[in-house]
Amino acid sequence: MAIGILRRWAASAPVPVFIARGGGAGWRPVELAADPRVRLVPSPRHASVLLAAGRFPGPMGEALDRVHDQLPAPRAAVWWTADADAGRPAALQGASVVPGPDPVDRIVAAHRATVLGDAPSSPDVGADVPPNEFVGLGDNGHGGEGMMGGVPYGRPMAMTADDRDGLALDRLSVTLGPFLPGFTNGLQATVALQGGIVQELSLDVLDLGEGRSLDDLAGEAPTPWRTRLRWLSEALRVGGLDALAVRTARAARQGDEATSTVALVRRSGLLRSWSGIGALDGLDAASRLAGALDPSGPAPGGQADVPLDRLAASLVGSDWADVVVAICSFGFVAGENAHPRAVHR
Amino acid sequence: MIIVEIGGGVGGESPGRAQVLSLLASLLAVFGTTLVATFTVVAWPRRGAAPTWAFRAPTLGGGCAETHAWSRFHARYYPMTLVFIAFEMEMMFMYPWAVVYVREGLTALVDMGVFLGLLSLGILYAWREGALRWQ
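Protein chains in written order, with my numbering: chain A, 1239 to 1583; chain B, 448 to 582.
Below is the structure:
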């Protein structure tokens, strides 16, 4: 009985949603933060519902499959798309499709159904096997050359390399994105980290396919100011100012001037914390943010070719938080559906 | 009719109060054990499935890891820790010295002065060698 009551309370609480933005989604899903029935979370581990917004062809679909499996059970998936006829990724085989402008009703219904047990939890896409083979010299995958042999839990240990202080630290190679807070659609970062400092960085854009955008579902193109506010809401979330992000999302949805919100953002200290990060062509992240806050500043999506190769080169030696801020600050000028043409570093 | 004596006699508490306390402790133990057993019996069939390999993959926003996440970070506070321990032992010697200082007078002052002087040479050496520089 007590557990039944707890389940009903859990079902009626704001739904923690992780948004994966695909092709054609742009920054539009960020406006969902304005609805009190949902709560946008930065990690799939905190989410109950996966909202897949847009198109997910090829590698984007594979990345979505990985993120889907990382949501804790019971979980549900909802696909918000203007191209329901396009290829459906494996993670969304059992997902309900939202062809309309607002997915919140469907999200809440899916959450309630899974928590109350009316619908089964979305099953894993990936197989229940270790990612790499457990192979070493011994029977349990252990052993090898020296102290670094073997592949514990199926992945090789990070080998050492020299770092900036003349020490030899382990060098982690990892691929991050495309579904990270602040990342533009399809952006993936391949990074080599030593103790939190980036030693190598390569920024790629995955194929987003061709088709309609989510704004087409609403029947009208968003105003430039509304686009600014959407991106600003995401940037505020990256900066840790969640309440201000919700307020900005509300202003974007209502289409108002939001002068008081913009004034709060200017006073919040975000500009100061972003200064000096991601400097490129005379502008740093704070300058780009200031440009976005100014109605007479650069237009959203005004720069189709973001120099990702030069940006990656400039970010080597900084820590990962600065890299995320720098990438997020370019999200405004890169526009909603721009495909930044990049040369791999 | 049960009469419980309240108030202690010479040399300790009354037997009645001790009995009440032990009875309460027993009831509490039984209640606690029953509560734990009930929750276990009710919740055990409802536990979730063991996490799969797909769930246990590191959360990278859709990316994948090529190496294991176990890695070493440089303990940049290590030289400072060694210096601290060395001079902490110096302070340990000063505590008993402070107790007898007034009684021993000038002798104690000179002895401790020599001791501190020698250790100050150690500080100067460490300073010259860069042990006090934060990495």
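Backbone N, C-alpha and C define an ideal beta-carbon position, used for all residues, glycine too.
Let me know the secondary structure DSSP gives residue i once reduced to three states.
i	result
Pro492 (chain B)	helix
Arg523 (chain B)	coil
Ala1320 (chain A)	coil
Gly1261 (chain A)	strand
Asp1442 (chain A)	strand
Ala1314 (chain A)	strand
Ser1506 (chain A)	coil
Ala1530 (chain A)	helix
Ala1333 (chain A)	coil
Gln1308 (chain A)	coil
Thr506 (chain B)	coil
Ser469 (chain B)	helix
Val1363 (chain A)	coil
Ala1496 (chain A)	coil
Ala512 (chain B)	strand
Val1544 (chain A)	coil
Leu1479 (chain A)	coil
Glu551 (chain B)	helix
Gly454 (chain B)	For Gly454 (chain B), the predicted model reports a pLDDT of 49, less than 50, meaning its position is unreliable and no value from the coordinates is stated.
Ser518 (chain B)	coil
Trp581 (chain B)	coil
Met1298 (chain A)	helix
Pro498 (chain B)	coil
Asp1340 (chain A)	coil
Asp1303 (chain A)	helix
Thr1422 (chain A)	coil
Arg1266 (chain A)	helix
Ser1552 (chain A)	helix
Glu576 (chain B)	helix
Given a threshold of 16 other Cβ atoms within 10 Å of its Cβ, counted over all protein chains shown, does residue i qualify as buried or as exposed?
i	result
Arg1298 (chain A)	At residue 1298 (chain A) the sequence reads Met, which differs from the Arg that was named. So Met1298 (chain A) ends up on the buried side.
Glu1448 (chain A)	exposed
Thr485 (chain B)	exposed
Thr1486 (chain A)	buried
Thr561 (chain B)	What sits at residue 561 (chain B) in the sequence shown is Val, not Thr. Its Cβ having fewer than 16 others within 10 Å, Val561 (chain B) is exposed.
Gly1514 (chain A)	exposed
Ser1256 (chain A)	One point to set straight first is that residue 1256 (chain A) is Phe, not Ser, in the sequence displayed. Buried.
Pro1252 (chain A)	exposed
Leu1418 (chain A)	buried
Thr1428 (chain A)	buried
Val1336 (chain A)	buried
Val547 (chain B)	exposed
Val1500 (chain A)	buried
Val425 (chain B)	The question about residue 425 (chain B) has no answer, for chain B in this structure spans 448 to 582.
Ile450 (chain B)	Unreliable positioning characterises Ile450 (chain B) in this predicted model, as indicated by a pLDDT of 49, which lies under 50. A coordinate reading is not provided.
Leu1425 (chain A)	buried
Leu571 (chain B)	exposed
Ile1345 (chain A)	buried
Asn1575 (chain A)	Note that Asn1575 (chain A) scores 48 on pLDDT, short of 50, meaning its location in the model is unreliable; the coordinates nonetheless yield the value given after this. Buried is the call here.
Phe1294 (chain A)	buried
Trp1265 (chain A)	buried
Val1342 (chain A)	buried
Ala1559 (chain A)	exposed
Ile1243 (chain A)	exposed
Val1367 (chain A)	exposed
Leu1302 (chain A)	buried
Ser469 (chain B)	exposed
Going by the DSSP bridge assignment, what does residue i pair with across the sheet?
i	result
Val1276 (chain A)	A:Val1253
Arg1293 (chain A)	A:Gly1261
Ile1435 (chain A)	A:Gln1432 and A:Asp1557
Asp1400 (chain A)	A:Ala1406
Thr1413 (chain A)	A:Thr1428
Leu1288 (chain A)	A:Phe1256 and A:Ala1315
Leu1518 (chain A)	A:Leu1521
Assuming residue i contacts residue j under a Cβ cut-off of 8 angstroms, what Cβ separation, rounded to an integer in Å, is found between them?
i	j	result
Leu1531 (chain A)	Leu1441 (chain A)	At roughly 25 angstroms, the Cβ-Cβ gap does not stay under 8 angstroms, so Leu1531 (chain A) and Leu1441 (chain A) are not in contact.
Trp1469 (chain A)	Gly1569 (chain A)	6 angstroms
Asp1307 (chain A)	Phe502 (chain B)	6 angstroms
Gly508 (chain B)	Leu1407 (chain A)	Going by Cβ atoms, the distance from Gly508 (chain B) to Leu1407 (chain A) rounds to 24 angstroms, so no, they are not a contact pair.
Leu1527 (chain A)	Leu1502 (chain A)	Not confirmed; about 14 angstroms, so no contact.
Pro1267 (chain A)	Arg1275 (chain A)	Not really, about 15 angstroms apart at Cβ, beyond 8 angstroms.
Glu1472 (chain A)	Gly1420 (chain A)	6 angstroms
Ala1248 (chain A)	Val1353 (chain A)	5 angstroms
Gly1516 (chain A)	Ser1567 (chain A)	6 angstroms
Ala1398 (chain A)	Arg1409 (chain A)	Contrary to the premise, residue 1398 (chain A) reads as Thr rather than Ala in this sequence. Indeed, because the Cβ distance is near 7 angstroms, the residues count as touching under 8 angstroms.
Val1544 (chain A)	Leu1553 (chain A)	The pair is not a contact, with the Cβ atoms about 13 angstroms apart (cut-off 8 angstroms).
So is residue i in contact with chain E if we call contact Cβ pairs under 7 angstroms?
i	result
Gly510 (chain B)	Chain labels in this structure do not include chain E; the protein chains are A and B.
(request) Could you please tell me which residues of the segment 481-508 of chain B, in chain order, have their CB closer than 9 angstroms to any CB of chain A? (result) Val489, Ala490, Arg493, Gly495, Ala496, Pro498, Thr499, Trp500, Ala501, Phe502, Arg503, Ala504, Pro505, Thr506, Leu507 and Gly508
(request) Please name the residues in the segment 1299-1328 of chain A whose beta-carbon is closer than 7 angstroms to at least one beta-carbon of chain B, in chain order. (result) Ala1301, Leu1302, Arg1304, Val1305, Asp1307, Gln1308 and Ala1311
(message) Against chain A, which members of the segment 514-536 of chain B pass a CB distance test of less than 8 angstroms?
(response) Thr514, His515, Ala516, Trp517, Ser518, Arg519, Phe520 and His521
(request) Pull out every residue of the segment 1269-1283 of chain A whose Cβ sits closer than 8 angstroms to any Cβ of chain B, in chain order. (result) Ser1281, Pro1282 and Arg1283
(request) For the segment 1393-1417 of chain A, enumerate the residues whose C-beta is nearer than 7 angstroms to any C-beta of chain B, in chain order. (result) Arg1393, Pro1394, Met1395, Ala1396, Asp1403, Leu1405, Leu1407, Asp1408, Leu1410, Ser1411, Val1412, Thr1413, Leu1414, Gly1415, Pro1416 and Phe1417
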